[in-house]
Amino acid sequence: MCNGGLSNEHYKKILSITPELLCISDMHGQFRYVNSAFEEVLGYTAEELRGSTLYSILHPDDKQAATNTIKCLLINKQERLSIERRYLCKEGAYKWIAWEITIDWTEELVYSSGRDITDKKKTEEAERKAKERLEEAQEFARLGYWEFDAITGENYWSDELLQLCGLTRDESASNLDAFMQMVHPDDKNLIINSMKMPPKDNEFELEIRLIRSNDEIVWIHEKVKYDQDSSGKVIRWYGVVRDISLRKLNEDKLMESEAKFKELVENLGEVIWIRQGGKLVYISPAYEQVWGRTCQSLYRNPQSFIDSIHPEDKERILQAFLNDNYNNTNQDLLEDQYRIIRPDGTERWIWLRKFPILDDAGKLIRHVGICYDVTKIKEYEEEVLKNKMEKEMARLDRLSLVGEMAAGIGHEVRNPMTTVRGFLQLLSRKEDCLKYNEFFTLMIDELDRANSIITEFLSLAKDRVVELEVQSLKEIVQDIFPLIQADGLVSEKNIVMELEEVAKIPLDKKEIRQLILNLVQNGSQAMLPGGTIKIRTFMEKEEVVLAVSDEGSGITPQVLEKIGTPFFTTKENGTGLGLAVCYSIVARHNAKIDIDTGSKGTTFFVRFKNLT
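Sequential numbering from 1147 applies to the sequence shown in the working numbering.
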């Protein structure tokens, strides 16, 4: 069929059904004609476009490029060109149109045929962003990628892999042999053997060393995959490479640290153990010497550790030692002492210190413990305690003996003295004796002094009745404080109180007042003017404590052994009964006295049991 039989209507119909955008415009871009496809894609009717130009609906970012294109066309008189531009649709969106343009310079008309490539551009943009993200991820994770075509011998290395190997794109290995030149000599056989006999699951992993161009050694982890043809022949290798040099360095440091740790703990006398996940993972060789069992026996039978604990200590230690709750991050440091029974039947005292190891998030990883054999220390402490108790018993025996004597002879001595004092007072008033008044006064004063000593002596009596009443030790100190403060002013001593609330306990108020006065007087006499006496009350565990401190030069060990013994004194005019009375009062209250002394002063601690 020849074209001569087609009418204008036929041509219009063809132009209206073609899927491509057709447009005729003048040299200024003003529309002369658009087909139906143009109207459908961009949404404008031919009537709406009349009088407007392509430039008016062009994307702002493309207008400069369009201007430059027009300038080139005018200069070069080019008749054909291909361009891609974005245009504003009637509904407000932009679409990409790829134009094939023919210019008739004689008629000064531009004939354009276009395709909507918006979806293609979106796909390309998505691929571009995905590639950028992949490259960023590879760079961030220090991941390199490579491909090797076993048929053509061609290689591809990613930029990150080139950087990892210290190469430029021009310096990249062009084939497998060139790559093998970079591999550390000790690792080449690993690669060769893996490629000769690849695993059946089409992938494998390697850790090898590469020697960079500057002779620096880089450790890499490589995950390799391969494709095969229908005959099973490998046609393509490809893999992901990650720099693990830092990890390897840390592993080497860790191994070195572990070696040093092992050398250290295996030469210590202390037993070091590590528990992780509720299981024993390490025990040091010192365990064999202390426990009398082999380390291997403990690994084989962890129950033997429990079996070795003394029956009286077992329940308490199991609760503390085996409480490895890995969901609890608030694991406190534990210190405790307990006994073990060795296979030969002997007992050992163990001091245990257990502490948690946490990760950066505060989650428990493991427990580490140190065990010391403190048997000799315990034996020494028991010996010291035994000696102390024996001395205390001897002191109490002496007090008891003196108390019995006081009860027996105190009144018999005081009564005759009272009679003598009365006659001296009568004689001193006689006229012929007035000239001896000074002597009478001296004798009466000495009798009064002797009487006060006897009064103190009587307070040591074993059968002395105490009137116990539940009351506050703090309040007794507060009541007597003005009297103590007045004595302090006279003797030029500072008196300080630090009184905490304490439990009310059974006390004889008169005796406790005497106890406080005696302790304060004893401390005051041990100091020079300007010194400070500190009186404290506080709770310690289940005890109510009275503490009286001075700033004297301390008590020597020789004096400390005899302190509290009746009539023992280091003072020129002392009676040796002040502290003896204190010990007697304390004994009647079922309390005890502890002394802490040094070159900077002495503190007497009186500890009362909280029986309420």
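Cβ atoms here follow ideal geometry from the backbone N, Cα and C, with glycine treated the same way. Just so we're clear, the structure is a prediction, and the values are computed from it rather than from any experiment.
- Note: residue 1517 is bridge-paired with 1417, 1498 in the DSSP secondary-structure output.
- Looking at 1212, 1657, 1363, 1629, the one whose alpha-carbon comes closest to that of residue 1390 is 1363.
- Per DSSP, residue 1327 lies in no alpha helix (DSSP H) segment and is marked neither H nor E.
- Collapsing the DSSP output to three states places residue 1747 in a strand.
- Each of 1176, 1481, 1180 was checked against the Cα of residue 1167, and the nearest Cα belongs to 1180.
- With contacts defined by Cβ atoms closer than 8 Å, residue 1352 and residue 1340 form a contacting pair.
- CA-CA distance, residue 1428 to residue 1466, rounds to 19 Å.
- When secondary structure is reduced to three states using DSSP, residue 1564 falls in the helix class.
- For residue 1244, there is no enclosing alpha helix (DSSP H); the enclosing beta strand (DSSP E) covers residues 1240 to 1250.
- Between residue 1756 and residue 1690 the beta-carbon gap is near 6 Å, inside 8 Å, which marks them as a contact.
- Just measuring C-alpha positions, the residue of 1220, 1483, 1297, 1388 sitting nearest residue 1462 is 1483.
- A residue is called buried once 16 or more other Cβ atoms fall within 10 Å of its Cβ, and residue 1218, having fewer, is exposed.
- In the assembly as shown, residue 1534 is an exposed residue. Its beta-carbon has fewer than 16 other beta-carbons within 10 Å.
- Minimum Cα-Cα distance from residue 1747 among the listed residues 1649, 1696, 1485 corresponds to 1696.
- Per DSSP, the beta bridge partners of residue 1292 are 1303, 1385.
- Here residue 1660 is buried: its Cβ has 16 or more other Cβ atoms, across all protein chains shown, within 10 Å.
- Fewer than three Cβ pairs drawn from the stretch 1586 to 1593 and the stretch 1617 to 1628 lie within less than 8 Å of each other, which leaves the two stretches out of contact.
- Counted as a single uninterrupted DSSP element, the beta strand (DSSP E) harbouring residue 1179 occupies residues 1177 to 1180.
- Relative to residue 1225, the option among 1236, 1615, 1248, 1235 whose CA is nearest is 1248.
- The three-state secondary structure of residue 1447, taken from DSSP, is coil.
- With a threshold of 16 other beta carbon atoms within 10 Å, residue 1279 falls short and is exposed.
- Per DSSP, the continuous beta strand (DSSP E) segment holding residue 1483 begins and ends at 1480 to 1487.
- Classified as buried, residue 1495 has 16 or more neighbouring CB atoms from the shown chains inside 10 Å of its CB.
- For residue 1341, the uninterrupted alpha helix (DSSP H) segment begins and ends at 1334 to 1342.
- Beyond the five residues adjoining it in sequence on each side, residue 1583 comes within less than 8 Å, by CB distance, of 1574 in the same chain, given in chain order.
- The DSSP-derived three-state label of residue 1733 is helix.
- Assignment of beta-bridge partners to residue 1367 by DSSP yields 1353, 1388.
- Under the criterion of beta carbons closer than 8 Å, residue 1682 and residue 1645 qualify as touching, at roughly 7 Å.
- Residue 1699 is positioned such that its CB atom lies no closer than 8 Å to that of residue 1650.
- The Cβ atoms of residue 1504 and residue 1481 do not sit closer than 8 Å to each other.
- Listed in chain order, the non-local C-beta contacts of residue 1262 below 8 Å within the same chain comprise 1167, 1187, 1241, 1242, 1243, local neighbours out to five positions each way being set aside.
- Annotation for residue 1218: no beta strand (DSSP E) segment contains it, though the alpha helix (DSSP H) segment containing it runs 1206 to 1222.
- Here residue 1652 is bridged, per DSSP, to 1616.
- In this structure, the CA atom of residue 1271 is about 30 Å from the CA atom of residue 1313.
- Taking 8 Å as the cut-off, the Cβ atoms of residue 1655 and residue 1615 count as close.
- Rounded to whole angstroms, the gap between the alpha carbons of residue 1206 and residue 1358 is 49 Å.
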